[in-house]
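Each residue of the sequence shown is one higher than the one before, starting from 1 at the first, in the UniProt record's numbering. All residues carry an ideal CB built from backbone N, CA and C; glycine is no exception.
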Amino acid sequence: MALIIPDVLEESCATRQALERLASKWRVLIVYALLAGPQRHAELRRRVAGITQKVLTETLRDMQSDGLVLRRVLKEDPPQHVEYSLTALGKTLQEPLAAICAWALESADRRQPGAAG
Numbered sequence: 001m002a003l004i005i006p007d008v009l010e011e012s013c014a015t016r017q018a019l020e021r022l023a024s025k026w027r028v029l030i031v032y033a034l035l036a037g038p039q040r041h042a043e044l045r046r047r048v049a050g051i052t053q054k055v056l057t058e059t060l061r062d063m064q065s066d067g068l069v070l071r072r073v074l075k076e077d078p079p080q081h082v083e084y085s086l087t088a089l090g091k092t093l094q095e096p097l098a099a100i101c102a103w104a105l106e107s108a109d110r111r112q113p114g115a116a117g
């Protein structure tokens, strides 16, 4: 069976919409961090170097809305304790991310001298 490649240039394409959601600088890094298991906000902030508290909170909220992250309240009383984990859908990103990591390692040696990045 031939692989059908969608027209990702079309705004209505589901693949394009998924790529746009994942293209955020922080989303993929958060998914990668959560592949290690459930973590609290402060742990994620330490692991994802450079992210601000506000951006982490907003990104986690958006990822919840997209069905990628589950937010679980561990303790209601102040200070509230909340844990984040990947949903079953979020965990399906492990294989594509592993492929991207492998590609990055393989292609790092093939960069042309003087190329930006």
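Taking contact to mean at least 3 C-beta pairs separated by less than 8 Å, is the region 75–92 in contact with the region 17–34? Using a Cβ-Cβ distance cut-off of 8 Å, the region 75–92 and the region 17–34 are in contact, since at least three pairs of beta carbons, one from each stretch, lie closer than that value.
Evaluate the contact criterion for the region 7–17 versus the region 60–70: three or more CB pairs, one atom per stretch, below 8 Å. No, the region 7–17 is not in contact with the region 60–70.
If you follow the beta strand (DSSP E) that Glu76 is in, where does it begin and where does it stop? Taking the sequence shown and counting its residues from 1, one reaches residue 76 at position 76. In the DSSP annotation of this structure, Glu76 is not part of any beta strand (DSSP E), being labelled neither H nor E.
Buried or exposed by the 16-neighbour rule on C-beta atoms within 10 Å, applied to Ile100: Along the sequence shown, one-based indexing puts residue 100 at 100. With a 10 Å radius around the Cβ and a threshold of 16 neighbouring Cβ atoms, Ile100 comes out exposed.
What three-state label does DSSP hand Ser24 in the structure shown? Here residue 24 corresponds to residue number 24 of the sequence shown, with the count starting at 1. Annotated three-state conformation of Ser24 is coil, per DSSP.
Could you round the C-beta distance between Gln53 and Arg46 to whole angstroms and report it? I think they count as a contact, below 8 Å. Mapped onto the sequence shown, residue 53 falls at position 53. Mapped onto the sequence shown, residue 46 falls at position 46. 11 Å between Cβ atoms; not a contact.
Can you say whether Gly37 is buried or exposed, counting buried as having 16 or more other CB atoms within 10 angstroms of its CB? In the sequence shown, counting from the first residue as 1, residue 37 sits at position 37. Residue burial annotation: Gly37 is exposed, with fewer than 16 other C-beta atoms found within 10 angstroms of its C-beta.
Quick one: what's got a C-beta closer than 8 Å to Leu56's C-beta in the same chain, skipping five residues either side? As a position in the sequence shown, residue 56 is number 56, starting the count at 1. Around Leu56: Trp26, Ile30, His41, Leu44, Arg45, Val48.
Candidates Gln39, Gly90, Leu35, of which the one nearest Asp62 by Cα: Stepping through the sequence shown from its first residue, residue 62 is reached at position 62. In this structure, Gly90 is the residue among Gln39, Gly90, Leu35 with its C-alpha nearest to the C-alpha of Asp62.
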